[in-house]
Amino acid sequence: MGRYLFSRAWQSAVTLLVASMVVFAGVRAIPGDPARTMAGEEADPEALAAIRDRLGLDDPIPVQYVKFLGDALRGDFGSSIRTGTPVSDLIGSTLPVTLWLSTFAILIAVVVGISAGIVAERFRGRWPEWIASAGAVIGLSVPNFWLGILAITLLAVNLGWFPASGYVPVLSDPVRGVYYLTLPAIILGIGLAAVIMRQTRASMIEAMGSDYVRTARAKGLGRGRILLRYGLRNSLVVVVTIAGLQLGGLISGAVVTERIFGLPGFGKLTLDSVFTRDYPVIQAVVLVVTASYIVINLVVDLLYSVINPRIRVGGDR
1 MGRYLFSRAW
11 QSAVTLLVAS
21 MVVFAGVRAI
31 PGDPARTMAG
41 EEADPEALAA
51 IRDRLGLDDP
61 IPVQYVKFLG
71 DALRGDFGSS
81 IRTGTPVSDL
91 IGSTLPVTLW
101 LSTFAILIAV
111 VVGISAGIVA
121 ERFRGRWPEW
131 IASAGAVIGL
141 SVPNFWLGIL
151 AITLLAVNLG
161 WFPASGYVPV
171 LSDPVRGVYY
181 LTLPAIILGI
191 GLAAVIMRQT
201 RASMIEAMGS
211 DYVRTARAKG
221 LGRGRILLRY
231 GLRNSLVVVV
241 TIAGLQLGGL
251 ISGAVVTERI
261 FGLPGFGKLT
271 LDSVFTRDYP
281 VIQAVVLVVT
291 ASYIVINLVV
301 DLLYSVINPR
311 IRVGGDR
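Taken in order, the sequence shown gives residues 1 to 317; the numbers are from the UniProt record's numbering.
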């Protein structure tokens, strides 16, 4: 295990280094001049030159990258070109919003998806499976932004069950924080729940037709016990893989849901920084997302051996 963790650590470091190079080069390939964004279209050449000198934009690209990498290793991502706020402060204020939203969405998706998958397998060929499958098709087909608009109109405006927008920090007020995040988390988790449902159903059908399940039936074990002990446990490997990958994607991909519900999250920060050519913010958010994927994949790999003892990380037997 120790050798495996060490191997993954240096692989992660190399991945982050390559990602930083790609991001640094890609950001500077974006059309537009951040100095002109700061100074305005009517700025005179002297003002533009002063801003470019202050930001180091006139230095050679390798020099800019080395300086960026050295500052990043110290946790200093610079300041936003658009607002002048330290990038670390921007990430620290927006990332928790998206993490809470993504975590709630994943929990909702896992609970609903696994439950629907069990029902679909248990009642194969009958109306509960048809309802679960139809719900999965709808969840996969209808865009999140349309579901979000419908949910706000019906559940927030007409019925008043949920707030239409806004955010309350979960740690400062857990009850109101969860209340404000419930509706956007449901909308964000619907599509993922549909994927988990279909994968759970397929995995359980495969497991229930295996030899060890037939042996368990021959020993007199009940169908419900076999379903949960053998079928569900084998499907959890697939569920954990999907949930882990989707969590990394939600951290950077929840921008539409955050926009609809007025959440000051990480996705909104990413989109705003791209539109304004805010180099320091773009570089920092992409590195944070890359690091999130690396950490989540490592956790998923370690969970495999917990769910199924036959699976060993790092090639151990």
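All residues carry an ideal CB built from backbone N, CA and C; glycine is no exception.
Small disclaimer: the values here were computed from a predicted structure and weren't measured.
Does the Cβ-Cβ distance between residue i and residue j come in under 8 Å?
i    : j    : result
R259 : K268 : yes
L99  : P184 : no
A243 : I108 : no
G113 : M208 : no
S20  : L69  : yes
I81  : Y279 : yes
V239 : Q199 : yes
T215 : V300 : no
F261 : V97  : no
I187 : A156 : no
G78  : N144 : no
I296 : L232 : no
T15  : I294 : yes
Compute the Euclidean distance between the alpha carbons of residue i and residue j, then round it to the nearest angstrom.
i    : j    : result
R317 : L302 : The predicted position of R317 is uncertain, since its pLDDT is 47 and thus under 50; a value taken from the coordinates is nonetheless stated next. Straight-line Cα distance between these residues: approximately 14 Å.
V178 : Q64  : 42 Å
A25  : V18  : 11 Å
L250 : S102 : 6 Å
T83  : V281 : 11 Å
V256 : W127 : 34 Å
G75  : S203 : 43 Å
V237 : F104 : 20 Å
L73  : I149 : 42 Å
F123 : L227 : 12 Å
D211 : L171 : 49 Å
A194 : L140 : 6 Å
L147 : G189 : 11 Å
T182 : R8   : 35 Å
F162 : D173 : 16 Å
T153 : A254 : 20 Å
V110 : N158 : 29 Å
L298 : L271 : 28 Å
L245 : A47  : 45 Å
V285 : Y180 : 25 Å
P45  : K67  : 26 Å
V142 : A50  : 50 Å
E129 : R176 : 36 Å
S273 : R52  : 18 Å
R225 : S115 : 15 Å
A132 : E206 : 18 Å
Check residue i in the structure and name its three-state DSSP category.
i           : result
S292        : helix
S210        : coil
S172        : coil
S80         : coil
P96         : helix
P86         : strand
K219        : coil
I185        : A small fix is needed here, since residue 185 is Ala in this sequence, not Ile. If DSSP states are grouped into helix, strand and coil, A185 belongs with the helices.
S165        : coil
R225        : helix
residue 318 : The requested residue 318 does not occur in the structure, where the chain is confined to residues 1 to 317.
P62         : helix
R317        : Confidence at R317 is low in this model, with a pLDDT of 47, below 50, so the placement of that residue should be treated as unreliable; the coordinate-derived value is given next. It is coil, neither helix nor strand.
D272        : helix
Sufficient close CB pairs (3 or more, under 8 Å) joining the segment 162-169 to the segment 81-95: Verdict: no, contact absent.
The segment 286-296 / the segment 117-126 touching (three or more Cβ pairs under 8 Å): No, the segment 286-296 does not touch the segment 117-126.
Segment contact flag, the segment 128-137 with the segment 208-221, C-beta cutoff 8 Å, min 3 pairs: Result no; under three Cβ-Cβ pairs closer than 8 Å.
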